[in-house]
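Numbering follows full-length UniProt numbering, in which position 223 of the sequence shown is assigned residue number 223; successive positions increment by one, without gaps. Built from N, CA and C at the ideal position, the CB exists for glycine as well. Here the structure is laid out as structure tokens; the discussion comes afterwards.
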Amino acid sequence: MTSSEPVIPAHHSTGAGQELAQRIVYLAQVALSAPDLPSGIVPTLEALISDTAAVGSAYFHLEAQDLTFRVRAATGEMPATPAMQLIATHGLPAGTPLLLALRDSRAPLYFADTAASPVTAGFPELGVASLAAAPVRAATGELLGAFLMHTFTPHGWQAHEQALFGSIGATLATLAGRLTAEQQAREAREAALRALGLALETRDRETLGHTDRVTDLALRMGRQLGWDHERLEALRWGAYLHDIGKIAVPDSVLLKRGALDAPERSEMQRHVTEGVRFAQALGFLPPQAMNVIRDHHERWDGAGYPHGAAGHAISEEGRVFALCDVFDALTSARPYKDAWTREAALAELRAQAGRHFDPALVSIFTGLIERGTCTPDPQDPEGAPHGLA
1 MTSSEPVIPA
11 HHSTGAGQEL
21 AQRIVYLAQV
31 ALSAPDLPSG
41 IVPTLEALIS
51 DTAAVGSAYF
61 HLEAQDLTFR
71 VRAATGEMPA
81 TPAMQLIATH
91 GLPAGTPLLL
101 ALRDSRAPLY
111 FADTAASPVT
121 AGFPELGVAS
131 LAAAPVRAAT
141 GELLGAFLMH
151 TFTPHGWQAH
161 EQALFGSIGA
171 TLATLAGRLT
181 AEQQAREARE
191 AALRALGLAL
201 ETRDRETLGH
211 TDRVTDLALR
221 MGRQLGWDHE
231 RLEALRWGAY
241 LHDIGKIAVP
251 DSVLLKRGAL
261 DAPERSEMQR
271 HVTEGVRFAQ
281 ALGFLPPQAM
291 NVIRDHHERW
301 DGAGYPHGAA
311 GHAISEEGRV
321 FALCDVFDAL
331 TSARPYKDAW
341 TREAALAELR
351 AQAGRHFDPA
361 LVSIFTGLIE
371 RGTCTPDPQD
381 PEGAPHGLA
């Protein structure tokens, strides 16, 4: 354990009530300062196992898209039964009797013997003999999840166990409500940014699918480089908006079939600065997303635009995305050219290493494409946006 990790207060010689209060205050501080549900909940689950007869505990969060309660955090011993494995994978249906009971209950429910109550039907088959369950609600009263602890033999939950469990449930409701609202806001923002990128494809039908393809390529490359979840999210947002400045390019230039003359080429290149201006007006894009928009047409040798930056003066996000953007352009058919084969496109990227592209990144990117593999983002179980592989 490092010095920066929180330490759960040890038991002191104070009275049981004061000790319990100290425990709850500490856990509330941990939960309410947490950046995500698992990091806020796991210390609480561990405390329950330490301070009660429970051998395992878990938090099930309601996933609105399929009305299923899925495990978001768990600790301790879990039943080693096939049915439990199914729940761990697929979650608990909202129609489970226990969850229906929690919808109607404002307080935790305690079951000394799950075989003796119809509310806990199905749990004896899981291997759970006694159970405590608390509803986790938003401020509006909406059920957000369920907080459970269990034993493998019948157990009557004692007053001090119920006091700890009930108080912690209220704290987790606050945490879950805050983080659920933040997640919903981020999901809405994500959908809006992608929609902006796709809107350009509606205008220029030659590039249909380009936004999702280059976003997928960029995320695969970012994962290969070991970028964390926040940086990958910023890369994804920048990828969605990399060409957003083209909304300011006239149709006569954007949709021209032949080669652009010098004034038209200058007008087209203006899309980068217009894109930066548009993205800045949104007010919430992180710097790494802005890097993609600003730098994806810069070149390693300094011959790119709009600033003529060279080498490592170009952001790493810009250097990564340039490879993805050009590779997709080469391997996509256009009215003025056929699609290149993957091998021909990779050969061109290698030929441009040290001129157009960062040579170290070219080596990584070409190897990634040839292997067809990527390192998954641990916070993104899909591994790629919108089911892309």
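Within the same chain, Cβ atoms closer than 6 Å to the Cβ of residue 161 are found at 52, the five residues on either side in sequence being excluded. At a Cβ-Cβ threshold of 7 Å, residue 109 and residue 133 count as neighbours. Taking a contact as a CB-CB distance under 8 Å, the pair residue 69 and residue 99 counts as one, their CB atoms being some 6 Å apart. One thing to note: residue 64 has its Cβ no nearer than 7 Å to the Cβ of residue 97. The continuous stretches of beta strand (DSSP E) do not include residue 365, which lies in the alpha helix (DSSP H) extending over residues 359-371. Closest in C-alpha terms to residue 103, from the list 311, 128, 62 and 197, comes 62. Secondary structure note for residue 326: its alpha helix (DSSP H) is the uninterrupted segment 316-330.
With the rule of 3 Cβ pairs closer than 8 Å, the region 338-358 does not count as touching the region 256-275.
Residue 363 counts as exposed, since fewer than 16 other C-beta atoms from the protein chains shown sit within 10 angstroms of its C-beta. Between residue 274 and residue 245, the gap from beta carbon to beta carbon is short of 7 Å. Residue 109 sits in a strand when the DSSP states are folded into three classes. Residue 39 places its beta carbon 7 Å or farther from that of residue 48. By a beta-carbon distance limit of 8 Å, residue 155 does not contact residue 328. Their separation comes to about 59 Å.
Residue 192 has its alpha-carbon roughly 38 Å from the corresponding atom of residue 107. By alpha-carbon distance to residue 297, the top candidate from 101, 313, 316 and 322 is 322.
At a Cβ-Cβ threshold of 7 Å, residue 231 and residue 288 count as neighbours. Secondary structure in the region 230-268: the alpha helix (DSSP H) runs of 4 residues or longer, each lying completely within the stretch, are 251-254 in chain order.
Under the three-state reduction of DSSP output, residue 60 falls in the strand class.
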